[in-house]
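Visitor: Residue numbers (the UniProt record's numbering), protein chains in the order written: chain A, 1 to 221; chain B, 1 to 221; chain C, 1 to 221; chain D, 1 to 221. Even glycine gets a Cβ: it sits at the ideal position worked out from N, Cα and C.
Protein chains: 4
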Amino acid sequence: MRLAALLIALVMVSAAFINRPKRVVFFGDSITQAAVKPGGYITRLTDMLTQKGKGSDYELIGAGIGGNKIYDLYLRMENDVLAKQPDVVFVYIGVNDVWHKRTSGTGTDANKFVGFYEALITKLQAANARVILCTPAVIGEKTDFSNEQDGDLNQYSQLIRDLAKRRNLPLCDLRKAFLDYNLKNNPGNKEQGILTTDRVHLNDTGNQFVADLMYSFVTAN
Amino acid sequence: MRLAALLIALVMVSAAFINRPKRVVFFGDSITQAAVKPGGYITRLTDMLTQKGKGSDYELIGAGIGGNKIYDLYLRMENDVLAKQPDVVFVYIGVNDVWHKRTSGTGTDANKFVGFYEALITKLQAANARVILCTPAVIGEKTDFSNEQDGDLNQYSQLIRDLAKRRNLPLCDLRKAFLDYNLKNNPGNKEQGILTTDRVHLNDTGNQFVADLMYSFVTAN
Amino acid sequence: MRLAALLIALVMVSAAFINRPKRVVFFGDSITQAAVKPGGYITRLTDMLTQKGKGSDYELIGAGIGGNKIYDLYLRMENDVLAKQPDVVFVYIGVNDVWHKRTSGTGTDANKFVGFYEALITKLQAANARVILCTPAVIGEKTDFSNEQDGDLNQYSQLIRDLAKRRNLPLCDLRKAFLDYNLKNNPGNKEQGILTTDRVHLNDTGNQFVADLMYSFVTAN
Amino acid sequence: MRLAALLIALVMVSAAFINRPKRVVFFGDSITQAAVKPGGYITRLTDMLTQKGKGSDYELIGAGIGGNKIYDLYLRMENDVLAKQPDVVFVYIGVNDVWHKRTSGTGTDANKFVGFYEALITKLQAANARVILCTPAVIGEKTDFSNEQDGDLNQYSQLIRDLAKRRNLPLCDLRKAFLDYNLKNNPGNKEQGILTTDRVHLNDTGNQFVADLMYSFVTAN
Numbered sequence: 001m002r003l004a005a006l007l008i009a010l011v012m013v014s015a016a017f018i019n020r021p022k023r024v025v026f027f028g029d030s031i032t033q034a035a036v037k038p039g040g041y042i043t044r045l046t047d048m049l050t051q052k053g054k055g056s057d058y059e060l061i062g063a064g065i066g067g068n069k070i071y072d073l074y075l076r077m078e079n080d081v082l083a084k085q086p087d088v089v090f091v092y093i094g095v096n097d098v099w100h101k102r103t104s105g106t107g108t109d110a111n112k113f114v115g116f117y118e119a120l121i122t123k124l125q126a127a128n129a130r131v132i133l134c135t136p137a138v139i140g141e142k143t144d145f146s147n148e149q150d151g152d153l154n155q156y157s158q159l160i161r162d163l164a165k166r167r168n169l170p171l172c173d174l175r176k177a178f179l180d181y182n183l184k185n186n187p188g189n190k191e192q193g194i195l196t197t198d199r200v201h202l203n204d205t206g207n208q209f210v211a212d213l214m215y216s217f218v219t220a221n
Numbered sequence: 001m002r003l004a005a006l007l008i009a010l011v012m013v014s015a016a017f018i019n020r021p022k023r024v025v026f027f028g029d030s031i032t033q034a035a036v037k038p039g040g041y042i043t044r045l046t047d048m049l050t051q052k053g054k055g056s057d058y059e060l061i062g063a064g065i066g067g068n069k070i071y072d073l074y075l076r077m078e079n080d081v082l083a084k085q086p087d088v089v090f091v092y093i094g095v096n097d098v099w100h101k102r103t104s105g106t107g108t109d110a111n112k113f114v115g116f117y118e119a120l121i122t123k124l125q126a127a128n129a130r131v132i133l134c135t136p137a138v139i140g141e142k143t144d145f146s147n148e149q150d151g152d153l154n155q156y157s158q159l160i161r162d163l164a165k166r167r168n169l170p171l172c173d174l175r176k177a178f179l180d181y182n183l184k185n186n187p188g189n190k191e192q193g194i195l196t197t198d199r200v201h202l203n204d205t206g207n208q209f210v211a212d213l214m215y216s217f218v219t220a221n
Numbered sequence: 001m002r003l004a005a006l007l008i009a010l011v012m013v014s015a016a017f018i019n020r021p022k023r024v025v026f027f028g029d030s031i032t033q034a035a036v037k038p039g040g041y042i043t044r045l046t047d048m049l050t051q052k053g054k055g056s057d058y059e060l061i062g063a064g065i066g067g068n069k070i071y072d073l074y075l076r077m078e079n080d081v082l083a084k085q086p087d088v089v090f091v092y093i094g095v096n097d098v099w100h101k102r103t104s105g106t107g108t109d110a111n112k113f114v115g116f117y118e119a120l121i122t123k124l125q126a127a128n129a130r131v132i133l134c135t136p137a138v139i140g141e142k143t144d145f146s147n148e149q150d151g152d153l154n155q156y157s158q159l160i161r162d163l164a165k166r167r168n169l170p171l172c173d174l175r176k177a178f179l180d181y182n183l184k185n186n187p188g189n190k191e192q193g194i195l196t197t198d199r200v201h202l203n204d205t206g207n208q209f210v211a212d213l214m215y216s217f218v219t220a221n
Numbered sequence: 001m002r003l004a005a006l007l008i009a010l011v012m013v014s015a016a017f018i019n020r021p022k023r024v025v026f027f028g029d030s031i032t033q034a035a036v037k038p039g040g041y042i043t044r045l046t047d048m049l050t051q052k053g054k055g056s057d058y059e060l061i062g063a064g065i066g067g068n069k070i071y072d073l074y075l076r077m078e079n080d081v082l083a084k085q086p087d088v089v090f091v092y093i094g095v096n097d098v099w100h101k102r103t104s105g106t107g108t109d110a111n112k113f114v115g116f117y118e119a120l121i122t123k124l125q126a127a128n129a130r131v132i133l134c135t136p137a138v139i140g141e142k143t144d145f146s147n148e149q150d151g152d153l154n155q156y157s158q159l160i161r162d163l164a165k166r167r168n169l170p171l172c173d174l175r176k177a178f179l180d181y182n183l184k185n186n187p188g189n190k191e192q193g194i195l196t197t198d199r200v201h202l203n204d205t206g207n208q209f210v211a212d213l214m215y216s217f218v219t220a221n
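In structure tokens, the structure reads:
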């Protein structure tokens, strides 16, 4: 009797999971916080999935907070991500870890950036989430590497690429994609206005560009 | 039968705890890392307890790592503190959170300092540890508040005092004690050499001074 | 004949100088740039002199530019000060030399601050100007030395006091006066709103307070 | 009689100048301060001129001081450069203007860097010196623009290139030359050890490389 009841419960739970849409959490900073607004990259991804008739297969959840660095993600991971039992987590962080070195003296040392990132991945994987790493796109869109913090942003992006390789995780290399796009579409070497409004945050073109880049990562598997 | 066995086990475990010396962890940065060496404040505390015939009542454990800030403590708390099942934890942190703003652009914002500190306390208390907060003593020993980062260090110390009050926790106010000592013993307004070797790290007098200040907190209860 | 003409010319020039009002230049940053507006401390000083019937004895000239540090003053001294052949020059600088360390990584090292200040004084004195040194008042009005940059601002103010003593120059110690005022009038330990609008720039009370402090320096000799 | 004496004096002075070796001052920071030592780039330039039989045609003078930024050059220009009545002045500055933003919060804002540089050129030209501008070579030799301050250093180098163009002055583009050299000779993307000992200061190869680059600028005209 009891065994039978247990089996039925298990089947029901499994069914709930099977029928449950795939839950995708976007974990990041102000860029991701804005992404759930109309025109934001998460909103666009949801629309794209709906247009392809996959709207009910996915549940996209924004978990971005302005000013966040890698260690802020670590602090709020349990409440804001793990509590949602995600199937997939995009980690899109790093701009503030670099930027705040110059604006407020409170950036993140490279070795600690990697240390917290590793710990974050370990905990997300322990909760059975598929983790997708993103490189921080830009702090300034000039294409000749003369944006003030290009050197550091290149370094941190490389650390993330190394991490993806080391942990065998998918990499959504926004920084590389943004640079390639700007090399074609920013002949005037402007520091903003191509994919961003203000050197960092995405304009409409930028939000669509990120949505396009992330789409295949969302629908993989 | 089973109940009896359980009760016996419980008694045995309790007995083990009762006989176990009180375990005190000192959780901090390079100042605490150096404190377990000969002449360090933890070594001195151990010696003081032994001299008073209380050597077997306490087990003092250093858990300091150079360069640590509040969020580094949070990251390694489980492995380095909770795993040791401490009865008491001194949290002695804050110098690098302020200092690194100037030396490497990687200090800690005040609001995030408090946020991580709160989370740390909550987890330590959940593990039944008695938590004792320490203010960061000095970055420079000049007594006229002209050490470069005195303003910020005063602010962070006040945040810790407020936190102790809000959480009803004992406060070991090293910053206040160091200033009072220097006002009496540093008539030349020197920036180092009174209680520190280099504006930050403790000399022999400084280690004894800290040990004296902490002694009553260790033996309380 | 020629000698006679020369003597006449000399007398005429001297007369022009004798009748000329005493020219006082206020050389500084944004605080001084705003001081020539209605309600500003220079405007108030002019009004005070007029009320005492001394309006025609003095010509007060603002030479403040926002964001200036000591070396900016040195660069534009010839055009903006010496060209006006001043009798008296107030040097009111130092806030940005300290502040910009934190806001943009472009403050001024203490030893270079002194070096440029010395060179500035030497050139102003060579042009027969009486030089009056001012300490930078505040970056934050809290009275417990917990404004973030109090330590550094205290240090630079002390360097200016030492300089005044070494060069035997009058010192208008705004920093000391502001602190004394706040100790009496800022019981809530607020960081702005007592003498400043925004921790740095003067409100009406602050402008009057500075005008009152400077008045006797203007009218001395 | 008097006219004759004057003419003779004039001829003698002219002769002195005609026979005088061309005086070349290297005006810069610690890189140039070290350049007069054995093996340094100025010492090498002198040796190269001697080997070509031009040793008596040139007098090379080092005027480098460690830690100098553009405004430090401006402050000491009269004593250290103009007093030597140079025919040619190499201005080799910019590393500390960028570097100190990160190491001590006391770098130089881009607009002020240009302002002081313009003023320096104007004064040097007024003294009839031929001015040669150099870009700051490297802070780190990695070739993928991931040295932390590459972005800023690229920006300041571009400002110097623009300045050379605007003022129609010869440009010794060390930064471009160093990058080209490293792209060929630093396949391991090391941050030091190719042309520098420590990411900034020149090793033997670096000193010879700079001497080779500067040689034609010295002997031009």
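Could you tell me whether any Cβ in chain A is nearer than 8 Å to the Cβ of D:S146?
Guide: For D:S146, the answer is yes, since a Cβ of chain A falls inside 8 Å of its Cβ.
Visitor: Nearest-angstrom Cα distance between A:L202 and D:L183?
Guide: Each residue's alpha carbon lies about 33 Å from the other.
Visitor: Name the chain D residues whose beta carbon is nearer than 7 Å to that of B:G105?
Guide: Correct list: R102.
Visitor: If you reduce the DSSP assignment to three classes, tell me which class A:I132 lands in.
Guide: Strand.
Visitor: Looking at the secondary structure, which residues open and close the alpha helix (DSSP H) in which D:E118 lies?
Guide: Its alpha helix (DSSP H) spans residues 110-126.
Visitor: Opposite D:K84 in the DSSP bridges: which residues?
Guide: DSSP output for D:K84 lists no bridge partner at all.
Visitor: Run through the DSSP bridge pairs and tell me what D:T196 is partnered with.
Guide: According to DSSP, D:T196 bridges with D:L202.
Visitor: Pick helix, strand or coil for B:T106, following the three-state DSSP scheme.
Guide: Here B:T106 sits in strand by DSSP.
Visitor: To the nearest angstrom, how far is the alpha carbon of D:D212 from that of D:T43?
Guide: Cα to Cα, the separation comes out at about 12 Å.
Visitor: Within the chosen definition, does the region 164-179 of chain B reach the region 120-138 of chain B through at least 3 CB pairs nearer than 8 Å?
Guide: Cβ pair count under 8 Å is three or more, so yes.
Visitor: Determine the closest residue to C:G206 out of C:A63, C:I194, C:Y215, with distance taken between C-alpha atoms.
Guide: That would be C:I194, whose Cα lies nearest to the Cα of C:G206.
Visitor: With 16 other CB atoms within 10 Å as the buried threshold, where does B:K52 fall?
Guide: Exposed, because fewer than 16 other Cβ atoms sit within 10 Å of the Cβ of B:K52.
Visitor: Is the Cβ-Cβ distance between D:R130 and D:D87 less than 8 Å?
Guide: Cβ distance < 8 Å, so D:R130 and D:D87 count as in contact.
Visitor: What's the call for A:G66, buried or exposed, on a 16-neighbour Cβ count within 10 Å?
Guide: By the neighbour-count rule (16 or more Cβ atoms within 10 Å), A:G66 is not buried but exposed.
Visitor: Please identify, using Cβ separations under 7 Å, the residues of the region 117-137 of chain C that lie next to chain D, in order along the chain.
Guide: Taking 7 Å as the Cβ-Cβ cut-off against chain D, the residues of the region 117-137 of chain C that qualify are A119.
Visitor: Which bits of chain B does A:L75 rub up against, with CB to CB less than 9 Å?
Guide: Per Cβ cutoff of 9 Å: Y71, Y74, K112, G115, F116, A119.
Visitor: Which chain C residues sit within Cβ distance under 8 Å of B:N154?
Guide: Within chain C, the residues near B:N154 are D144, F145, S146, D150.
Visitor: Taking 8 Å as the threshold (C-beta atoms), are C:N111 and C:I93 in contact?
Guide: It is not a contact, given that the beta carbons lie outside the stated cut-off.
Visitor: Does any CB atom of chain A fall closer than 8 Å to the CB of B:D109?
Guide: Chain A contact via Cβ: present.
Visitor: In the DSSP assignment, find the unbroken beta strand (DSSP E) run with C:K22 in it and report its ends.
Guide: Residues 22-28.
Visitor: Taking the alpha-carbon positions, what's the B:G115 to B:Q149 distance?
Guide: Whole-angstrom Cα-Cα distance: 22 Å.
Visitor: In the structure shown, what three-state DSSP assignment does B:I31 receive?
Guide: Looking at B:I31 - three-state DSSP - the assignment turns out to be helix.
Visitor: Could you tell me the boundaries of the alpha helix (DSSP H) in which A:L153 lies?
Guide: Here the alpha helix (DSSP H) through A:L153 covers 150-167.
Visitor: Quick one: grab the DSSP three-state call for B:F90.
Guide: Strand, per DSSP.
Visitor: Is the shortest distance between the beta-carbon of A:V158 and the beta-carbons of chain D less than 8 Å?
Guide: Inspection of the sequence shows that residue 158 of chain A is occupied by Gln rather than by Val. Chain D, which has a Cβ nearer than 8 Å to the Cβ of A:Q158, makes this yes.
Visitor: Count the other CB atoms within 10 Å of the CB of C:Q33; is the residue buried (16 or more) or exposed (fewer)?
Guide: It is buried - the Cβ of C:Q33 has at least 16 other Cβ atoms within 10 Å.
Visitor: Compute the Euclidean distance between the alpha carbons of D:K142 and A:Y71, then round it to the nearest angstrom.
Guide: Those two C-alpha atoms are separated by around 28 Å.
Visitor: Pick from C:I61, C:S104, C:V98, C:I132: whose alpha carbon is nearest that of C:V200?
Guide: Here the closest residue by C-alpha is C:V98.
Visitor: Counting only runs that start and end within the region 34-88 of chain C, where is the beta strand (DSSP E) found for 3 or more residues in a row?
Guide: Fully enclosed beta strand (DSSP E) runs of 3 or longer: 58-64.
Visitor: Exposed or buried, B:S157, counting other C-beta atoms within 10 Å across all chains shown (16 or more means buried)?
Guide: B:S157 comes out buried.
Visitor: What number of angstroms, rounded off, separates the C-alpha of A:K84 from the C-alpha of C:F145?
Guide: When rounded, the distance between both Cα atoms is 45 Å.
Visitor: At a threshold of 7 Å, does D:C172 count as lining the ligand GDP (C-beta to nearest heavy atom)?
Guide: Annotation note on the ligand GDP: not contained in the displayed structure, which lists no ligands.
Visitor: Of all the options C:D162, C:M77, C:L133, C:N189, which has the alpha carbon lying nearest to the alpha carbon of C:M214?
Guide: It is C:L133 whose Cα lies nearest to the Cα of C:M214.
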